[in-house]
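Student: 1 is the number of the first residue of the sequence shown in my numbering; add one for each residue after it.
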Amino acid sequence: MGDFKDAIIKRQMFFSEWDFLPSYLAIYVLSIFELFYNLINNIFGLSKKDKVENLIQEIKNDISDEKQNRKTVVITGGTSGIGKETVISLAKANYIIYIGDKIEEEKINEIQFNLRKESRNEDIYLEYIDLSRIDSINSFVEKVKKNNEKIDILICNAGIMNIPYQIDEKGFEMQTSVNYFGHYKLIHLFIENLKTSKGKIIIVSSVVHYQVKEIDVEAFKSREKYRKLGNYALSKICLMMLMKDLDEKYSSSGVQVYSVHPGVVCTSLYQYDFLSNFFVTNFPIALKTPKDGSLTSIYLALEKSENLKSGKYYFECDAIPYNPLIDNKDVRNKLMEYTKSLNL
Ligand SMILES: NC(=O)c1ccc[n+]([C@@H]2O[C@H](COP(=O)([O-])OP(=O)(O)OC[C@H]3O[C@@H](n4cnc5c(N)ncnc54)[C@H](OP(=O)(O)O)[C@@H]3O)[C@@H](O)[C@H]2O)c1
Numbered sequence: 001m002g003d004f005k006d007a008i009i010k011r012q013m014f015f016s017e018w019d020f021l022p023s024y025l026a027i028y029v030l031s032i033f034e035l036f037y038n039l040i041n042n043i044f045g046l047s048k049k050d051k052v053e054n055l056i057q058e059i060k061n062d063i064s065d066e067k068q069n070r071k072t073v074v075i076t077g078g079t080s081g082i083g084k085e086t087v088i089s090l091a092k093a094n095y096i097i098y099i100g101d102k103i104e105e106e107k108i109n110e111i112q113f114n115l116r117k118e119s120r121n122e123d124i125y126l127e128y129i130d131l132s133r134i135d136s137i138n139s140f141v142e143k144v145k146k147n148n149e150k151i152d153i154l155i156c157n158a159g160i161m162n163i164p165y166q167i168d169e170k171g172f173e174m175q176t177s178v179n180y181f182g183h184y185k186l187i188h189l190f191i192e193n194l195k196t197s198k199g200k201i202i203i204v205s206s207v208v209h210y211q212v213k214e215i216d217v218e219a220f221k222s223r224e225k226y227r228k229l230g231n232y233a234l235s236k237i238c239l240m241m242l243m244k245d246l247d248e249k250y251s252s253s254g255v256q257v258y259s260v261h262p263g264v265v266c267t268s269l270y271q272y273d274f275l276s277n278f279f280v281t282n283f284p285i286a287l288k289t290p291k292d293g294s295l296t297s298i299y300l301a302l303e304k305s306e307n308l309k310s311g312k313y314y315f316e317c318d319a320i321p322y323n324p325l326i327d328n329k330d331v332r333n334k335l336m337e338y339t340k341s342l343n344l
């Protein structure tokens, strides 16, 4: 069965590199491979859904209601799509959850109320964050730390894809800014708390990171070099290089870092590309539901660290190969030095 799964992953990697395929076609090609992968998993073993459900029940029964015994999770983008389902499941496992999301002030109470009601957990706290603005990231982290110094799990889930060219206040292209720089800053503001709790960092990446052949830092700003899906893929491989860098620096302190491809999932991520959005919304055949797309993030959050591998890339709860460029130390160090020099 292992060989069969490897063969599917290799094909998936191969097609992910086809950056000439229009997004709406790539979605279906990739989701068909993912469907096969899941079928094999379900035929030969416990389905991922059941595995994760069992973990939720086990943890819920294990931990008492005392706040100090419960794990605290911080997650970005936890009010829609994959993030929302991740929040609901972790809340069902009795975790305390802080969500940072770009939500209008007047909607915060209502959304927080609904999440608490759906998960039957009062300890879900929703705060505003705009990951493209450093002041907003600082103020979110300050609020979380004021209430809770013990952070066990940080899930970098928020993301934007395929948007028309836009820049942030520092002149960086918006997908790079939100997906990569914003999470880079957030992780570094929480790193001491994560070291204290020997915590986990879970980075939601994407299979399209395979497309990237080089890290061109000029593409972080340039309008001429901007490609909607290309810059999204670039932001995701940068996150995975960050994962590797964090793993090297902090695994000796007990912090574990993982990245995830959630699958091709029917969410509002596709809203900026007319054709992709049209097909995803009207023909979600072979695509995953947000609940299925959240399973690997939930699994990594709940599973014992000793059963997981830090610095790895997970898909369907399995560690699978990533783009070999990530292991190129020269390229990675240059990116890390460049990012550090920005003094975000
Ligand atoms: N869906 C897929 O097929 C797929 C495939 C591979 C990887 N992923 C990754 O999975 C993650 C979750 O995406 P999803 O599919 O669940 O899409 P989604 O439903 O659009 O969720 C994205 C979340 O990010 C938030 N967000 C956007 N801009 C933000 C900002 N500037 N600051 C803070 N939060 C911001 C959104 O908030 P608003 O809704 O308020 O804007 C939303 O809650 C993303 O990292 C995505 O790249 C998804």
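Ideal Cβ placement from N, Cα and C applies to all residues, glycine included.
Could you tell me if the beta carbon of P22 falls within a distance shorter than 8 Å of some heavy atom in ligand 1?
Tutor: The sequence position of residue 22 within the sequence shown is 22, counting from 1. Every heavy atom of ligand 1 is 8 Å or more from the Cβ of P22, so no.
Student: Figure out for me which residue from K107, N94, S136 has the closest Cα to the Cα of R120.
Tutor: The count along the sequence shown starts at 1 and reaches residue 120 at position 120. Taking only the C-alpha atoms, the option nearest R120 is N94.
Student: Tell me whether the segment 35 to 45 and the segment 53 to 61 touch, counting them as touching only if at least three CB pairs, one residue from each stretch, are closer than 8 Å.
Tutor: Touching, no.
Student: Pop quiz: K60 and L295 are said to be a contact at Cβ under 8 Å. What is the actual Cβ separation, rounded to whole angstroms?
Tutor: On the sequence shown, position 60 is the one that residue 60 refers to. On the sequence shown, position 295 is the one that residue 295 refers to. In fact, because the Cβ distance is near 17 Å, the residues do not count as touching under 8 Å.
Student: For the alpha helix (DSSP H) holding A26, just list the boundary residues, first then last.
Tutor: Numbered from 1 along the sequence shown, position 26 holds the residue referred to as residue 26. Its alpha helix (DSSP H) spans residues 23 to 44.
Student: For Y314, write down the residues that DSSP places opposite it in a beta bridge.
Tutor: By one-based count along the sequence shown, residue 314 stands at place 314. DSSP output for Y314 lists V260, A319 as bridge partner(s).
Student: Just how far apart, CA to CA, sit L302 and L90?
Tutor: One-based indexing of the sequence shown puts residue 302 at position 302. One-based indexing of the sequence shown puts residue 90 at position 90. For L302 and L90, the distance between alpha carbons rounds to 8 Å.
Student: With a threshold of 8 Å (Cβ to nearest heavy atom), would P164 be considered close to ligand 1?
Tutor: Reading the sequence shown from its first residue, position 164 is the one you call residue 164. No.
Student: With DSSP as the reference, identify every bridge partner of K288, one or two as the case may be.
Tutor: Here the question's residue 288 lines up with position 288 in the sequence shown. DSSP, once it has assigned bridges, lists V265 as partnering K288.
Student: Work out the CA separation of F20 and I187 for me, nearest whole Å.
Tutor: Here the question's residue 187 lines up with position 187 in the sequence shown. Here the question's residue 20 lines up with position 20 in the sequence shown. About 33 Å.
Student: In or out: M68 buried (at least 16 other Cβ within 10 Å) or exposed?
Tutor: Here residue 68 refers to the residue found at position 68 of the sequence shown. The sequence given here places Gln at residue 68; Met does not occur at that position. Q68 comes out exposed.
Student: So within the segment 129 to 157, which uninterrupted alpha helix (DSSP H) runs reach at least 4 residues, ignoring any that extend past its ends?
Tutor: Counting whole runs of 4 or more residues, the segment 129 to 157 contains the alpha helix (DSSP H) stretches 134 to 147.
Student: Just to confirm the assignment, what range does the alpha helix (DSSP H) spanning I298 have?
Tutor: The residue given as residue 298 occupies position 298 in the sequence shown. From DSSP, the alpha helix (DSSP H) with I298 extends over 295 to 302.
Student: With a threshold of 6 Å on Cβ separation, who are the neighbours of S235 within its own chain once the five nearest residues in sequence on each side are excluded?
Tutor: Along the sequence shown, one-based indexing puts residue 235 at 235. The residues are Q175, T176, N179, Y180.
Student: Between K71 and I63, what straight-line distance do the alpha-carbon atoms span, to the nearest angstrom?
Tutor: Numbered from its first residue, the sequence shown carries residue 71 at position 71. Numbered from its first residue, the sequence shown carries residue 63 at position 63. Looking at the two C-alpha atoms, the distance is approximately 9 Å.
Student: Taking the straight line between their C-alpha atoms, what separation do you get for N323 and Y272?
Tutor: If you number the sequence shown from 1, residue 323 lands on position 323. If you number the sequence shown from 1, residue 272 lands on position 272. The straight-line gap from Cα to Cα measures roughly 26 Å.
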